[in-house]
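For the protein sequence lines, the chains are P and S, in the order given. Going by our numbering, the first residue of the first sequence is number 858, and it counts up by one from there. Going by our numbering, the first residue of the second sequence is number 65, and it counts up by one from there. Shown next, in structure tokens, is the structure this report addresses.
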Amino acid sequence: MNNDREHQVTEAFVSLANSLVEHFDVVDLLSGLATDCARLLDIAEAGVLLADRRRVLHVVAASSEATRSLELFQLQRDQGPCLECYRSGTPVVVADLGAEAARWPEFVERALAAGFASVHAVPMRLQDNVLGALGLFGREPGVLLTARDLSLAQALAHVGSVAIVHSSAAADRVAIAEQLQGALTSRVVVEQAKGVLAQRGDLDMDEAFVVLRRYARDHNLRLADVAQDVVSRQLPAQRVLDNTSHRSAKPPGHAGG
Amino acid sequence: MTGDEHLRAELEAAMTDAGSGVAAANGLCVACVDLLHVDGAAISFMHDGASQGTFGSSGELSRRLDEFQFTYGEGPCMDAVSAGRPVLVPDIEVETEVRWPAFAAAMLQEGVRAVFALPSAVATNHIGVLDLFRRAPGPMSPGDLSAGLLAAELAALPLLNLMTADVDWAGVGDGSTAWAELASLERVEVYQATGMLMEHLDVGPTEALVRLRAHAFAMGQTASEVAWKIVERRLTLDHDGAWRPSGEAGSAP
């Protein structure tokens, strides 16, 4: 490991570890986890799936929109390596997706079309509970992560899991389920807030997210808190939109709507 | 079939066989008594963080106990809604003087010692509470508790039906199961479309979800399918409540 990479790996862990003691935002945290994986490991993109109390999986973070879409596709079609990883609680490694068309016909077709050729899926787990799965997608067929990198991915997933649950006392199943539900709840509110902003400013959902996140960062607030204020109308949507348009000097919204 | 799947199927059947609305809620409550080692169950309807009253029950006593909470303006059901999490009271006698003096006294008067209030929520909207009552004090077993949480989840559907009085939910028979419908309501595109409707119609998240679901029902589509159309701006809702197609037709991913 060269010094630069070692530094980056350290940074990633420090950032995850800090979230354990500081007030943190789980959506931000998991987005960071996905981005860290994509940057540190020999893969192209990463996505995070978390299960709710009914064991229904949700896409909570992804390093790109294409990855989010592919993860969502797995959930919609109920097939794919990340689902298998979640259900078995063990890593699923596929060096060449093209050879697995029989296993997941629809997923493979979609993944190849999106330019992905390999997948590593590692479980997000805490004690005996599987919370979700971290999916790592590569663009070159036949290129597998080294054992060391796979351990690094698993370690990042572990720390992410601990951070989600965020309570050393949360030993029992009900407490873990509650913490997890809290994480998913903030995801719901963030998505609703994106909808509010998208409608108000005639933006697509990605643009709405950028606007929301920028407001949170500019005001040093948690993303989930800003989203909650937008949804409950304590913070006017227009003010959030104006914050971005003032910074970028781009007109707020565009024609139509 | 695993134990969990079996339980899900049984709870769902109890509700489906009963029909819709109050009958479904009653059916679910009766199933709770059969399956969860409790003596009574009732579902209360919540709106805007305030209780609107008892909606379904396993019998007369449960209904009366549940209604005591509204009479006195206190009880585990109210606390479960304001906290957004289950309130488990293995022995009300311990709580008599502390949390809900009037409600606890009424419960003891009826010979009921334990009460478990489990919130019913869809996409973070707390719309009701499932109250479980038991004569004998003591905690719920972990298995009964997770089964109770499942029943509380299912209770959301008759509660949502209640909020859409102008739709004939008795006609629901599109083959989709209650669990599938709940899963469809908790998808990212539904959250996003809900946000868009909130802004467009100036309504709260629960009403936006209710409007979206009613349209999905009318069109014979899932909430998720309607949500994609809204997100992709292929469908908008007029202020007067009429849906109309709009813009270019796109394709859902």
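From the three backbone atoms N, C-alpha and C, an ideal C-beta is built for every residue, glycine too.
For P/Ala1004, the enclosing alpha helix (DSSP H) begins and ends at Ala1004 to Val1022. Nearest CB-CB separation between S/Gln285 and chain P: not below the 9 Å threshold. Pairwise C-beta distances place the segment 135-144 of chain S in contact with the segment 164-173 of chain S, as three or more of them are shorter than 8 Å. For the C-beta of P/Asp909, the chain S residues within less than 8 Å are, from N- to C-terminus, Glu250. With a threshold of 16 other beta carbon atoms within 10 Å, P/Ala990 meets it and is buried.
Residues of the segment 1081-1095 of chain P that bring their beta carbon within less than 7 Å of a beta carbon in chain S comprise Val1088 and Ala1094, in sequence order. A residue is called buried when at least 16 other Cβ atoms come within 10 angstroms of its Cβ; P/Arg1044 meets this threshold and is buried. If you draw a straight line from the Cα of P/Phe973 to the Cα of P/Ser920, it is about 14 Å long. Cβ contact annotation for P/Val950 (same chain, cutoff 6 Å, sequence separation greater than five): His977, in chain order. Within the DSSP bridge table, the entry for P/Ser888 names no partner. In chain order, Val949, Val951, Val976 and Ala978 place their CB closer than 6 Å to the CB of P/Pro938, counting only its own chain and leaving out the 5 sequence neighbours on each side. For P/Val916, the neighbours in chain S by C-beta distance under 8 Å run, in chain order, Val252.
Taken through DSSP and simplified to helix, strand or coil, P/His1076 comes out as coil. P/Arg1057 reaches chain S at Glu263, counting residues in chain order whose Cβ is nearer than 7 Å. Chain P places a beta carbon closer than 9 Å to that of S/Thr258, counting this residue as a contact. Under the 8 Å Cβ criterion, the segment 172-182 of chain S does not count as touching the segment 75-94 of chain S, having fewer than three qualifying pairs. Any Cβ of chain S closer than 9 Å to the Cβ of P/Gln931 would place that residue at the interface, and such an atom is absent. For the segment 235-307 of chain S, the full-length beta strand (DSSP E) segments reaching 3 residues or more read 299-301 along the chain. P/Ala970 has a beta carbon lying at 9 Å or more from every beta carbon in chain S. Distance from the CA of S/Glu157 to the CA of P/Leu1098, rounded to the nearest whole angstrom, comes to 53 Å. Secondary-structure assignment with DSSP links S/Pro150 through no beta bridge to anything. Residues of chain S with a Cβ closer than 8 Å to the Cβ of P/Met1062 are, in chain order, Gln256 and Val295. A direct Cα-to-Cα measurement between S/Ser310 and S/Val295 gives close to 12 Å. Shown here, S/Thr118 sits in a strand according to DSSP, grouped into three states. A direct Cα-to-Cα measurement between S/Glu174 and S/Thr80 gives close to 31 Å.
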